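Enquirer: Mind having a look at this structure? Questions to follow.
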Amino acid sequence: MQHLVAERKTGLQPESSLDDRMGRLLAAGGRTLVIPHTTPQRYLSFRAALNLRMPSEATGDWHFLTTFFSPADEPPIEAKLAGEGQEVDTTPSLGSRGVRDMANVLLGRKITTSNAMHVWIANHFRAIADLAELALRSENQPYTVTVHQVNQWLDTKAQVDELVTNYLVPLRKQKKGAELAKWDAWLKTIRYN
Numbered sequence: 004m005q006h007l008v009a010e011r012k013t014g015l016q017p018e019s020s021l022d023d024r025m026g027r028l029l030a031a032g033g034r035t036l037v038i039p040h041t042t043p044q045r046y047l048s049f050r051a052a053l054n055l056r057m058p059s060e061a062t063g064d065w066h067f068l069t070t071f072f073s074p075a076d077e078p079p080i081e082a083k084l085a086g087e088g089q090e091v092d093t094t095p096s097l098g099s100r101g102v103r104d105m106a107n108v109l110l111g112r113k114i115t116t117s118n119a120m121h122v123w124i125a126n127h128f129r130a131i132a133d134l135a136e137l138a139l140r141s142e143n144q145p146y147t148v149t150v151h152q153v154n155q156w157l158d159t160k161a162q163v164d165e166l167v168t169n170y171l172v173p174l175r176k177q178k179k180g181a182e183l184a185k186w187d188a189w190l191k192t193i194r195y196n
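If you're matching positions, the sequence shown starts at 4 in my numbering and goes up one per residue.
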């Protein structure tokens with residue numbers, strides 16, 4: 004449990020392996036993230052999605068333990084979904100682009116779900132787009148998703164270009180007037196550093 008608290012406070016992962024720490028946490032009565040039923044149009048996104056990756060991907064997975072597990076003395080963490088019927092719905096512009104079934108990845112990490120056959124989760128590009136949309140909707144402006152953060156989440160110019168071209172620019176279709184102007188001003192700041 005001390006390892007989990009240390010990771011939450013410092014952001015640094017202790018020396019022991021992630022599997023060992025997950026095992027100790029679960030043995031001590033810890034719980035996994037509660038993930039409700041998902042579909043390609045209603046999916047896990049935001050920071051949770053940024054902390055998952057497919058085996059072939061090199062980015063993400065920085066704070067997996069603190070995102071997907073809670074100690075026994077804390078309430079279980081509820082997954083935040085995006086998509087149809089949710090606070091953030093980018094499906095009118097993006098459809099199911101970047102949403103993939105990651106049930107096997109979760110099961111491999113000892114996370115069970117209410118619908119273990121399929122667990123639909125945003126890739127990193129879609130999760131970043133959803134985070135920016137969430138910030139805009141909460142009137143914090145999308146500037147709360149900064150170019151620095153984008154460059155922490157993505158590793159190459161090609162990845163940042165893909166984010167902008169295939170995810171952020173298409174979201175302009177869902178905006179009008181002042182909201183569109185705010186989005187466009189923010190969009191100009193997103194580049195690879």
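Ideal placement from N, C-alpha and C gives every residue a C-beta, glycine not left out. Predicted model, so just to flag it, every value in this text is computed and none were measured.
Using the C-alpha atoms, what's the distance from L109 back to L47?
Expert: Locating residue 47 in the sequence shown gives position 44, where the first residue counts as 1. Locating residue 109 in the sequence shown gives position 106, where the first residue counts as 1. Going by the C-alpha atoms only, they are around 12 Å apart.
Enquirer: Starting from L47, follow its DSSP beta bridges and name the residues at the other end.
Expert: Within the sequence shown, the letter at position 44 stands for residue 47. According to DSSP, which records beta bridges pairwise, L47 is partnered with L84 and I124.
Enquirer: What's the C-alpha gap between T192 and H121?
Expert: On the sequence shown, position 189 is the one that residue 192 refers to. On the sequence shown, position 118 is the one that residue 121 refers to. Straight-line Cα distance between these residues: approximately 36 Å.
Enquirer: Taking 7 Å as the limit between beta carbons, can you name the residues of its chain near R194, skipping five residues before and five after?
Expert: On the sequence shown, position 191 is the one that residue 194 refers to. V150 and V163, listed in sequence order.
Enquirer: State the start and end residues of the unbroken beta strand (DSSP E) segment that holds R27.
Expert: The residue labelled residue 27 in the question sits at position 24 within the sequence shown. From DSSP, R27 is part of no beta strand (DSSP E) but of the alpha helix (DSSP H) over L21 to A30.
Enquirer: Nearest-angstrom Cα distance between A31 and M25?
Expert: Locating residue 31 in the sequence shown gives position 28, counting from the first residue. Locating residue 25 in the sequence shown gives position 22, counting from the first residue. Approximately 10 Å between the Cα atoms of the pair.
Enquirer: Just the C-alpha distance for S96 and V148, rounded to the nearest angstrom, thanks.
Expert: Taking the sequence shown and counting its residues from 1, one reaches residue 96 at position 93. Taking the sequence shown and counting its residues from 1, one reaches residue 148 at position 145. Distance between the alpha carbons of S96 and V148 is about 19 Å.
Enquirer: Can you tell me whether DSSP reads R175 as helix, strand or coil?
Expert: Working through the sequence shown from its first residue, we reach residue 175 at position 172. Three-state DSSP puts R175 in a helix.
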